[in-house]
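Working notes, beginning with the structure itself.
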Amino acid sequence: VDEPQADSIIAPITITPPATLSADSVAVVGVETSVPQIESIWIEPVVGQVDRTKVSLTNGSGSFKIITTGLTAGETVEVKVGYKKWTNVIKYTQTIS
């Protein structure tokens, strides 16, 4: 019996990054899932800071803020985005300009 792959049973997440990301600033990152019944997703910062670790969704859409205090141009912000038990569904990465 073939086991289903995790990515075939987990709702995909789309990230909408800010157009630019500057050092020592705050920017909004949009998140969306294709299943409007999902009420929240979880994020885990790797490089950079976030304003929350649980993002509430309305009709499958929401956002969080990335805070680049202490980072410099050329560094790359990294945040894992996913669900409570699996936060690494997708990664948001963006280089600071």
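Heads up: the sequence shown runs through residues 56 to 152, numbered per our numbering.
Backbone N, C-alpha and C define an ideal beta-carbon position, used for all residues, glycine too.
The structure presented is a predicted model; accordingly, all values stated were derived computationally and were not measured.
Asked	Found
Can we say the segment 117-128 touches the segment 73-89, given the rule of at least three CB pairs closer than 8 angstroms?	yes
Taking just the CA atoms, how far does Glu94 sit from Ser116?	9 angstroms
For Lys140, tell me which candidate among Ile68, Trp97 and Lys146 has the shortest Cα-Cα distance.	Trp97
By DSSP's criteria, Glu87 is part of a beta bridge. Which residues make up the other side?	Thr69 and Ser116
Leaving out five residues on either side along the sequence, give the residues of the same chain with a beta carbon under 8 angstroms from the beta carbon of Val84.	Ile70, Thr71, Pro72, Pro73, Ser118, Phe119, Lys120, Ile121, Val134 and Tyr147
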